[in-house]
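Protein chains in written order, with my numbering: chain C, 311 to 642; chain X, 6 to 150.
We put the beta carbon where it would ideally sit given N, CA and C, even for glycine.
These figures come from a predicted structure and were not determined experimentally.
Structure record follows, encoded as structure tokens.
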């Protein structure tokens, strides 16, 4: 055993193990969330949801995954081959990477980058390109519409996300994820200090994950699944998995920046548990609004971003900046 | 700027009340009946295909008068009877119902002078051919016994 370990430098081992763990987390999150989403959707409509496979249908998402993997990949005749094949991979890869910088616990973080938050945001915006590539290369007008919509939507909603996160960064003076968590020790969570930024981030974050009520890029009833109409089998599965991983990214960022990360009672022992509890309650909220509100119209979507979220985020940022600058002068 | 903030407040209120609706639905009990595993009581108003009734001594009440056959607007009932030797009354040999034409109007049940026809509670009707639904009600009654 010693000799095997000696071949690999410890840094390489660390990268391998953390990479495997992060990918496992993404897949596990997909399995669990698909189950809970369908179950909760059932209960919100007075139904039972999944019941058939396993106790209360717990094995359903596993069986669905096996079905998707074993299905043949149908590639239509007139698609743009290379782009069409790369798009699902590109939709999946960037959504795995943000988990490398998320502090799941006091010592449970792969890399504490000093630009962690920027890294997460950069990877988040890559997802748009994957969706655009998928829609463009499908050579199908509905997929194209979906792709165009996703670009317009994500450009509009990335601005309020960045502005609202920036107002937290102004307070903490660091982009490092664990630095931001450290700044919230002792129960001073930033949701109390920046409630407006939290609300703006939550609304824009749901829009960023392309989920109902902002699911215009897929819009089953208008665009027949939009950008992933032409994808079958595991290519579709990767888009699907990417969506759930994106949800988890948004929840993790919200937990880290606004809900105190792993802080909570007995945080030395239950820190990670607190983190996941907070992240998954935000996931629950996302599912809740998905099964409550109808899809918005496109002009309503744009109005919400440009007329409400961005001005409010800007004002919030200005007030925060002024407070950070002048309050210490008054109180010290 | 007219209505900028009032839109925000009104919209927020309606979103919150919408969330309350689904949350209440989520915590209230489900209404789905897991059909093959659990079944619910059939209401007395349920109209299945018609069936013959028995009297206290387990004999068919039908007196083979043929009123139902005459009153049926779709002509889907065919009562066949014979007069056995040594008996005063006619006795029923077969009571054919063509359920493919029956509209469940119930005039046969109303017209019956002997109260010999009623709606059954049978809702699991399935068959492979049309002929499966031309039923002999006497035979069906005996099979049920």
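Which residue's Cα is closest to the Cα of residue i: the options?
i                     : options                    : result
residue 439 (chain C) : C:449, C:396, C:416, C:406 : C:396
residue 127 (chain X) : X:23, X:52, X:59, X:85     : X:52
residue 433 (chain C) : C:356, C:494, C:518, C:360 : C:518
residue 408 (chain C) : C:487, C:520, C:497        : C:487
residue 86 (chain X)  : X:93, X:94, X:98           : X:98
residue 452 (chain C) : C:414, C:635, C:368, C:528 : C:528
residue 463 (chain C) : C:473, C:442, C:502, C:483 : C:442
residue 76 (chain X)  : X:117, X:96, X:137, X:40   : X:117
residue 93 (chain X)  : X:68, X:32, X:45           : X:68
residue 596 (chain C) : C:581, C:559, C:570, C:611 : C:559
residue 627 (chain C) : C:600, C:638, C:511        : C:511
residue 668 (chain C) : C:437, C:450, C:382, C:468 : Only positions 311 to 642 of chain C appear in this structure, which leaves residue 668 (chain C) out of reach.
residue 387 (chain C) : C:337, C:417, C:450        : C:450
residue 495 (chain C) : C:338, C:405, C:639, C:570 : C:570
residue 611 (chain C) : C:531, C:624, C:461        : C:461
residue 111 (chain X) : X:74, X:47, X:96           : X:74
residue 383 (chain C) : C:514, C:542, C:325, C:473 : C:542
residue 30 (chain X)  : C:362, C:639, C:350        : C:350
Can you give the beta carbon distance from residue i to residue j, rounded, assuming they're within the 8 angstroms contact cut?
i                     : j                     : result
residue 142 (chain X) : residue 100 (chain X) : 4 angstroms
residue 602 (chain C) : residue 13 (chain X)  : Residue 602 (chain C) to residue 13 (chain X), Cβ: 19 angstroms. No contact.
residue 402 (chain C) : residue 548 (chain C) : 4 angstroms
residue 125 (chain X) : residue 107 (chain X) : Their Cβ separation, rounded to whole angstroms, is 12 angstroms, which puts residue 125 (chain X) and residue 107 (chain X) out of contact at 8 angstroms.
residue 413 (chain C) : residue 572 (chain C) : 7 angstroms
residue 525 (chain C) : residue 605 (chain C) : 6 angstroms
residue 681 (chain C) : residue 481 (chain C) : Not covered by the structure: residue 681 (chain C). The range shown for chain C is 311 to 642.
residue 499 (chain C) : residue 27 (chain X)  : Actually they are not in contact, since the Cβ atoms of residue 499 (chain C) and residue 27 (chain X) sit about 27 angstroms apart, beyond 8 angstroms.
residue 507 (chain C) : residue 615 (chain C) : Between residue 615 (chain C) and residue 507 (chain C) the Cβ distance is about 15 angstroms, and since that is not below 8 angstroms, they are no contact.
residue 623 (chain C) : residue 470 (chain C) : 5 angstroms
residue 513 (chain C) : residue 619 (chain C) : 6 angstroms
residue 84 (chain X)  : residue 356 (chain C) : The pair is not a contact, with the Cβ atoms about 47 angstroms apart (cut-off 8 angstroms).
residue 345 (chain C) : residue 326 (chain C) : The pair is not a contact, with the Cβ atoms about 29 angstroms apart (cut-off 8 angstroms).
residue 406 (chain C) : residue 421 (chain C) : Contact doesn't hold; Cβ gap of about 13 angstroms is too wide.
residue 62 (chain X)  : residue 146 (chain X) : That belief does not hold up - the Cβ atoms of residue 62 (chain X) and residue 146 (chain X) are roughly 14 angstroms apart, past 8 angstroms.
residue 485 (chain C) : residue 425 (chain C) : 5 angstroms
Using only the heavy atoms of the ligand FMN, determine whether one of them is closer than 8 angstroms to the beta carbon of residue i.
i                     : result
residue 476 (chain C) : No copy of the ligand FMN appears in this structure; indeed no ligand is present at all.
Of all the residues that make up the stretch 28–51 of chain X, which are near chain C by a beta-carbon distance shorter than 9 angstroms? If the cut-off is 9 angstroms between Cβ atoms, the stretch 28–51 of chain X has 28, 30, 31, 32, 33, 34, 35, 36, 37, 39 near chain C.
Which complete alpha helix (DSSP H) runs does the stretch 496–572 of chain C hold, if anything under 4 residues is left out? The stretch 496–572 of chain C contains these whole alpha helix (DSSP H) runs: 500–503, 505–518, 530–533, 543–568.
Every unbroken alpha helix (DSSP H) inside the stretch 458–500 of chain C [4 residues or more]: Given a length threshold of 4 residues, each whole run of the alpha helix (DSSP H) inside the stretch 458–500 of chain C is given here in chain order: 487–492.
Members of the stretch 516–527 of chain C that neighbour chain X once the beta carbon cut-off is set at 8 angstroms: The stretch 516–527 of chain C vs chain X, Cβ under 8 angstroms: nothing.
Pairing CB atoms from the stretch 457–477 of chain C with CB atoms from the stretch 589–597 of chain C, are three or more of them under 8 angstroms? The stretch 457–477 of chain C vs the stretch 589–597 of chain C: no contact.
With a floor of 4 residues, list each alpha helix (DSSP H) that falls wholly inside the stretch 28–115 of chain X, ordered by position along the chain. Uninterrupted alpha helix (DSSP H) stretches at least 4 residues long and entirely within the stretch 28–115 of chain X occur at 72–76, given in chain order.
Please identify, using Cβ separations under 8 angstroms, the residues of the stretch 353–386 of chain C that lie next to chain X, in order along the chain. Residues 353, 354, 355, 356, 357, 358, 361.
Where are the alpha helix (DSSP H) runs, 4 residues long or more, that stay fully inside the stretch 373–420 of chain C, in chain order? Counting only runs that start and end inside the stretch 373–420 of chain C, the alpha helix (DSSP H) elements of at least 4 residues fall at 391–406.
Below 8 angstroms between beta carbons is the criterion; list the residues of the stretch 10–27 of chain X that meet it against any residue of chain C, in chain order. For the stretch 10–27 of chain X, residues whose beta-carbon sits nearer than 8 angstroms to a beta-carbon of chain C comprise 13, 20, 23, 24, 26, 27.
Where the stretch 610–628 of chain C meets chain X: residues whose CB sits under 7 angstroms from a CB there: The residues in question are 618.
Please identify, using Cβ separations under 8 angstroms, the residues of the stretch 586–607 of chain C that lie next to chain X, in order along the chain. Along the stretch 586–607 of chain C, going in chain order, the ones with a CB nearer than 8 angstroms to a CB of chain X are 598, 599, 601, 602, 603.
Is the stretch 565–583 of chain C close to the stretch 534–554 of chain C, with three or more CB pairs under 8 angstroms? At 8 angstroms Cβ cutoff, the stretches do not touch.
Completely contained alpha helix (DSSP H) runs for the stretch 616–642 of chain C, where each covers 4 or more residues: Whole alpha helix (DSSP H) segments, 4+ residues: 620–641.
Could you say if the stretch 627–634 of chain C and the stretch 508–522 of chain C meet the contact criterion of at least three C-beta pairs nearer than 8 angstroms? Result no; under three Cβ-Cβ pairs closer than 8 angstroms.
Going along the chain, which residues of the stretch 493–517 of chain C sit with their C-beta nearer than 7 angstroms to a C-beta in chain X? Those residues of the stretch 493–517 of chain C that come within reach of chain X (Cβ to Cβ, closer than 7 angstroms) do not exist; the list is empty.
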